[in-house]
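Q:
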Amino acid sequence: MRKILILTTGGTIASVQSPDGLVPGITSDQLRAYLPQIGPEIAIEICSVFHIDSTDMTADHWVAIAEAVQRSYDEYDGFVITHGTDTMAYSAAILSYMIQNADKPIVLTGAQRPIGFEITDAKSNLQDSILYAADPRSRGVQIVFAGKVIAGTRARKVRSMSYAAFASINLPEIAEINNGRIIRYLTDEDFCNPDPARRQDQAQEPDRSANPPDSGVRFSTRLNPNVFLLKLTPGMDPRLLPEIFRLYDAVVIESFGAGGIPQSLEQTLSEELNKYSPEEKVLAMTTQVTYEGSHLETYEVGRRIADRFQLLEARDMTLETAVAKLMWILADAEQTWEQIRSRFYTPIAKDTLL
Ligand code: ASP
552 MRKILILTTG
562 GTIASVQSPD
572 GLVPGITSDQ
582 LRAYLPQIGP
592 EIAIEICSVF
602 HIDSTDMTAD
612 HWVAIAEAVQ
622 RSYDEYDGFV
632 ITHGTDTMAY
642 SAAILSYMIQ
652 NADKPIVLTG
662 AQRPIGFEIT
672 DAKSNLQDSI
682 LYAADPRSRG
692 VQIVFAGKVI
702 AGTRARKVRS
712 MSYAAFASIN
722 LPEIAEINNG
732 RIIRYLTDED
742 FCNPDPARRQ
752 DQAQEPDRSA
762 NPPDSGVRFS
772 TRLNPNVFLL
782 KLTPGMDPRL
792 LPEIFRLYDA
802 VVIESFGAGG
812 IPQSLEQTLS
822 EELNKYSPEE
832 KVLAMTTQVT
842 YEGSHLETYE
852 VGRRIADRFQ
862 LLEARDMTLE
872 TAVAKLMWIL
882 ADAEQTWEQI
892 RSRFYTPIAK
902 DTLL
């Protein structure tokens, strides 16, 4: 008998139609009535963590989810977290850092249409998630949605209405679930740690002590939410930069293409960075392009800033993951720039292969 705990957090899957639009209205008790037919070999319990549209998700909610898993970790064989789809990629990324080296599956799922609707993807997503969470070969934080299993650090919501809402970015899907059968494409052995020599210019030896193999699950339930994501637009006014640097501990710049900073922003950026040490205000570069990551070394506009500033580059990490990783890293005070840099480039939960 496999024991699965479903933790509900709201989202469309648990929504009902109101005169003002869909609102999370189905309680965890009511959700039980909609559970798919599952054989007697799986025992399910349901517990509500909170009940929100995931647009309202904050770092406090992520802490509440991680603590709920931590409290019950020894009692269950797997966890299914029902969640709104809009911020699920962020939640999956952050939970991948808050719950590391898990030997049990922590599956996030949701739906594009409420479970109470006649035509809905909620029941199949829930059924697939329960099956996947009950399979003894599953482990770690993943999203199960529309028949795909995606690493928690690699998901992006790519469709706002249709069922296939999520894509796996810069990493193949881990598995597919088809008519109740799990077809696995990747296992833990498929991921080897990258050769540190290939990233010599960016990091020293990655800090493998932060993630020793087989040392059991580790929970960290502190986050620093002061990470800003700045999406560049052509001709952006540089006058907003000082305020952003004043308010936030890290700024992730979502640049164009392979990556770079427009000349019109560079002077103000330099003035801001000169006011602080690199560990006080962390600068990270990522790209607006969905696939294939940033490559700052390609163009002069990228190389120039990589040479001039002490910065981090997300490369093949998704921007959701870059933001989440910094929230997790910067929860610890008193770190040197070298420590921050080493932790950022240390692969965790398949977040980077470069
Ligand atoms: N607004 C909803 C949410 O993220 C959308 C969904 O669940 O699909 O909570």
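Counting from 552, one number per residue, gives the positions in the sequence shown under our numbering. Backbone N, C-alpha and C define an ideal beta-carbon position, used for all residues, glycine too.
Quick one: what does DSSP say His-612 is sitting in, helix, strand or coil?
A: Three-state DSSP puts His-612 in a helix.
Q: Can you give me the Cβ contacts of Ile-597 inside the same chain, cut-off strictly under 7 Å, excluding the 5 residues immediately before and after it?
A: Once the five neighbours on either side are set aside, the close Cβ partners of Ile-597 are Ile-557, Thr-559, Ser-579, Leu-582, Arg-583.
Q: What's the gap between the Cα of Ala-644 and the Cα of Asp-625?
A: One C-alpha to the other measures close to 23 Å.
Q: What are the boundary residues of the alpha helix (DSSP H) that includes Glu-805?
A: Element bounds for Glu-805: not the alpha helix (DSSP H) but the beta strand (DSSP E), 801-806.
Q: Count the other CB atoms within 10 Å of the CB of Tyr-896; is the residue buried (16 or more) or exposed (fewer)?
A: Per the 10 Å Cβ criterion, buried.
Q: Are Thr-660 and Ile-564 close, meaning C-beta to C-beta below 9 Å?
A: In this structure, Ile-564 lies closer than 9 Å to Thr-660 by Cβ.
Q: Can you give the Cα-Cα distance for Arg-690 and Asn-825, rounded to whole angstroms?
A: Those two C-alpha atoms are separated by around 44 Å.
Q: Shortest alpha-carbon distance to Thr-903 belongs to which of Asp-686, Ala-673, Gly-844?
A: When each option's Cα is compared against that of Thr-903, the closest is Gly-844.
Q: Can you list, in chain order, the residues of its chain whose CB lies under 6 Å from that of Gln-678, leaving out five sequence neighbours each side?
A: For Gln-678, where only same-chain residues beyond five positions count, the Cβ hits under 6 Å are Pro-587.
Q: Mind checking whether the beta-carbon of Tyr-573 lies closer than 8 Å to any heavy atom of the ligand ASP?
A: Note on residue identity: the sequence assigns Leu, not Tyr, to residue 573. Indeed, a heavy atom of the ligand ASP lies less than 8 Å from the Cβ.
Q: Under 7 Å Cβ to Cβ from Glu-822, same chain only, skipping five residues before and after it: list those, please.
A: Contacts found: none.
Q: So, helix, strand or coil for Ile-666, using DSSP?
A: Note: Ile-666 maps to coil in three-state DSSP.
Q: So, is Ala-900 buried or exposed, given that buried needs 16 or more other C-beta atoms within 10 angstroms?
A: So Ala-900 ends up on the buried side.
Q: For my contact list, Gln-861 and Glu-805 are in at a C-beta cut-off of 8 Å; report their separation, rounded to the angstrom.
A: Contact doesn't hold; Cβ gap of about 19 Å is too wide.
Q: Contact between the stretch 637-651 and the stretch 665-676: three or more CB pairs below 8 Å?
A: They do not touch, by the three-pair rule.
Q: Inspect the CB distances between the stretch 611-623 and the stretch 679-688 and report whether three or more fall short of 8 Å.
A: Counting Cβ pairs under 8 Å, fewer than three are found: no touch.
Q: Does Gly-811 pass the burial test, meaning 16 or more other C-beta atoms within 10 Å, or should it be called exposed?
A: Label assigned to Gly-811: buried.
Q: Please return the same chain residues whose Cβ sits closer than 6 Å to the Cβ of Met-868, not counting the five positions on each side in sequence.
A: Taken in chain order, the residues that qualify are Asp-902, Thr-903.
Q: Do Leu-792 and Leu-820 have their C-beta atoms within less than 9 Å of each other?
A: Yes, the pair counts as a contact, with Cβ atoms nearer than the cut-off.
Q: If we require 4 or more residues per run, which alpha helix (DSSP H) segments fall completely within the stretch 842-872?
A: For the stretch 842-872, whole alpha helix (DSSP H) runs of length 4 or above, ordered along the chain, are 851-859.
Q: Is the beta carbon of Ile-701 within less than 8 Å of some heavy atom of the ligand ASP?
A: The answer is no for Ile-701.
Q: What three-state label does DSSP hand Gln-568 in the structure shown?
A: Reduced to three states, the DSSP call for Gln-568 is strand.
Q: Going by DSSP, what residue range makes up the beta strand (DSSP E) through Pro-656?
A: Start and end: 656-660.
Q: Quick one: is the Cβ of Ser-579 within less than 8 Å of any heavy atom of the ligand COA?
A: With respect to the ligand COA, the structure shown offers nothing to examine, as its ligands consist of the ligand ASP.
Q: Taking only the alpha-carbon atoms, compute the straight-line gap between Arg-892 and Met-552 and give it to the nearest angstrom.
A: Straight-line Cα distance between these residues: approximately 44 Å.
Q: What residue does the beta strand (DSSP E) around Asn-729 start on, and which one ends it?
A: 726-729 is the span of the beta strand (DSSP E), which, as asked, contains Asn-729.
Q: Between Val-833 and Leu-881, how many whole angstroms is the CB-CB distance? I'm expecting something under 8 Å.
A: The Cβ separation is near 7 Å, so the contact holds.
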